[in-house]
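All the letters of the sequence shown, read from the start, carry residue numbers 49 to 456 under my numbering.
First the structure, in the form of structure tokens, and then the observations on it.
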Amino acid sequence: MDELDIDIQVLQETGVFETADIENGLREMPLDDLRISLIAQDGSVLYDNDANVGNLGNHGDRPEVSQALRSGEGQSVRRSDTMDESAFYYAVRQEDGTVLRVARETSSIWRMFKDAFPMVCVMALAIFCMCYVLATRATKTLMKPIDYLGCHLDECGEIETYEELVPFVQTIKKQHDDIMKNAQMRQDFTANVSHELKTPLTSISGYAELIEHRMASAQDVPRFAGEIHRSANRLLSMINDIIRLSELDVMETEDMVFERVPLYVLAESCVDMLQLKAEKHNVTLELKGTPCHMAGNREMVEEILYNLCDNAIRYNNPGGSVTVTVVPKGEKVMLQVADTGIGISKEHQQRVFERFYRVDKSRSKATGGTGLGLAIVKHMVAQHHAELTLESEEGKGTTITILFEKAD
49 MDELDIDIQV
59 LQETGVFETA
69 DIENGLREMP
79 LDDLRISLIA
89 QDGSVLYDND
99 ANVGNLGNHG
109 DRPEVSQALR
119 SGEGQSVRRS
129 DTMDESAFYY
139 AVRQEDGTVL
149 RVARETSSIW
159 RMFKDAFPMV
169 CVMALAIFCM
179 CYVLATRATK
189 TLMKPIDYLG
199 CHLDECGEIE
209 TYEELVPFVQ
219 TIKKQHDDIM
229 KNAQMRQDFT
239 ANVSHELKTP
249 LTSISGYAEL
259 IEHRMASAQD
269 VPRFAGEIHR
279 SANRLLSMIN
289 DIIRLSELDV
299 METEDMVFER
309 VPLYVLAESC
319 VDMLQLKAEK
329 HNVTLELKGT
339 PCHMAGNREM
349 VEEILYNLCD
359 NAIRYNNPGG
369 SVTVTVVPKG
379 EKVMLQVADT
389 GIGISKEHQQ
399 RVFERFYRVD
409 KSRSKATGGT
419 GLGLAIVKHM
429 VAQHHAELTL
439 ESEEGKGTTI
449 TILFEKAD
């Protein structure tokens, strides 16, 4: 219909219907199977280039004509009795009240489409090829600095040519460093686990073999059995800590159940539980502070308290002391465990929370530590979004402070 609209506009601009000899005026124009009719207001046909107007009836009832007389333009698709074929009709009312109508057979429309189709395909293919070439070149131009920076990731701080990409590359570098760090930690953890598990298993195997082959005297059997028992307990403790760490690694904060936790009450219970152990090590264990509540996971908080107090007792000196303090501090609740033990030198303070890291390996094994207690504490504190700080001086003692969110 758009093509027929254009045809009518062209015919109107030529002014051929304002002349007396319409036939000669149209003869000079390329009509291309276009049927043209001029219809009066009463529906009578004034001119038709495809039929004798004397043989044509009144066209006032034609849909496109009646619509044009009413609203200024009309269109329809119907079978033409004159052309004996379906045709597209488009009619426009002119200023003098007459209706100019054009029609084209449907077969002519399709023929035009088929004639133009090969050219359209060629043009589309040419445009596609041109777009592909341009896109390929543009992509190579854009990717060149990224590829270069990817191959020279460690030099991103020295690259000034592509300043826009530096933040992007720095982010990638940080993620890359984190991945490498985690991979190294996993590798170290695997090696440490293998080594730590091998030691008690070797001890158990050795003593058991001596007893099995009756190479131990009757007096040594109870002592060997005791060593087997201690090694087995240490092995079980280590396995439990490894399992606990694995659980913490996959646990999301959203999965945790937070509640109103009476921190002072839990600390009091922990101190009572470890009092006998403290006396055995000749260490004074006391609790200070005031009752207060924090928002957290009760089970984890109990584990944090136990690990911190247990560590403070293990690595203390005979006659030393461990002080547990629980007090509110603004919008936070402070838990502090201070001891007068062996202390930690500065070069070790940043690493004591790593898995299996021990400042004094011989003493750790002698006291039965697994080297995982503080790593577990660090994970649990992180799950609570709490602040963890460590202050220590070699030979004077260690103070670990945690600031939890206060409960509403």
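All residues carry an ideal CB built from backbone N, CA and C; glycine is no exception.
Give me the Cβ distance between residue i and residue j, rounded to the nearest whole Å; I'm assuming they're in contact under 8 Å.
i: L59; j: I84; result: 7 Å
i: G421; j: N345; result: So it is not a contact: roughly 18 Å between Cβ atoms.
i: V400; j: I392; result: 6 Å
i: D387; j: T446; result: 6 Å
i: L52; j: F176; result: That belief does not hold up - the Cβ atoms of L52 and F176 are roughly 31 Å apart, past 8 Å.
i: C318; j: Y354; result: 6 Å
i: I56; j: V140; result: 5 Å
Following the continuous beta strand (DSSP E) through residue i, name the residue where it begins and the one where it ends.
i: Q384; result: K380 to D387
i: H341; result: H341 to G344
i: K377; result: S369 to K377
i: S85; result: R83 to I87
i: P111; result: From DSSP, P111 is part of no beta strand (DSSP E) but of the alpha helix (DSSP H) over P111 to S119.
i: E143; result: Where E143 is concerned, there is no enclosing beta strand (DSSP E), given that its DSSP letter is neither H nor E.
i: G421; result: Unbroken run through G421 is the alpha helix (DSSP H), G421 to Q431; no beta strand (DSSP E).
i: K336; result: T332 to G337
i: R308; result: E307 to P310
Taking C-alpha atoms, which residue in the options lies nearest to residue i?
i: Q398; options: T338, E439 and N281; result: E439
i: G145; options: E133, R118 and V168; result: R118
i: R308; options: H432, D81 and R141; result: H432
i: G378; options: L451, E347, I361 and M228; result: L451
i: E458; options: V400, G389 and Q384; result: Since the first residue shown for the chain is 49 and the last is 456, residue 458 is missing from the structure and cannot be characterised.
i: A315; options: V374, E327, V305 and R271; result: V374
i: V331; options: G367, L296 and M171; result: G367
i: G443; options: V125, K394, M233 and V319; result: K394
i: G254; options: Q267, S279 and Y363; result: S279
i: Y405; options: R271, A273, V241 and E351; result: V241
i: D90; options: V147, V370, R152 and D96; result: V147
i: L82; options: Q57, A99 and E153; result: E153
i: M233; options: N100, M263 and A423; result: A423
Helix or strand or just coil, what does DSSP make of residue i?
i: R278; result: helix
i: Y95; result: strand
i: Q323; result: helix
i: A273; result: helix
i: A40; result: A question about residue 40 goes unanswered here, because the residues of the chain that appear run from 49 up to 456.
i: E206; result: For E206, the predicted structure reports a pLDDT of 48, less than 50, and the residue's modelled location is therefore unreliable. A value from the coordinates is still provided. Residue state, collapsed to three classes: helix.
i: I450; result: strand
i: L438; result: strand
i: V168; result: helix
i: N103; result: helix
i: V125; result: strand
i: F401; result: coil
i: G254; result: helix
i: S134; result: strand
I'd like to know whether the C-beta atoms of residue i and residue j end up nearer to each other than 8 Å.
i: Q123; j: Y138; result: yes
i: A455; j: H329; result: no
i: L311; j: V349; result: yes
i: L356; j: V425; result: yes
i: I276; j: I252; result: yes
i: R149; j: E121; result: no
i: L283; j: L249; result: yes
i: R403; j: L293; result: yes
i: I352; j: M428; result: yes
i: L322; j: M286; result: no
i: F306; j: A343; result: yes
i: A430; j: V370; result: no
Kindly indicate if chain C contains any beta-carbon less than 8 Å away from that of residue i.
i: S114; result: Going by chain labels, chain C is absent from the structure shown, which holds only one protein chain.
Ends of the alpha helix (DSSP H) at residue i?
i: E395; result: K394 to Q397
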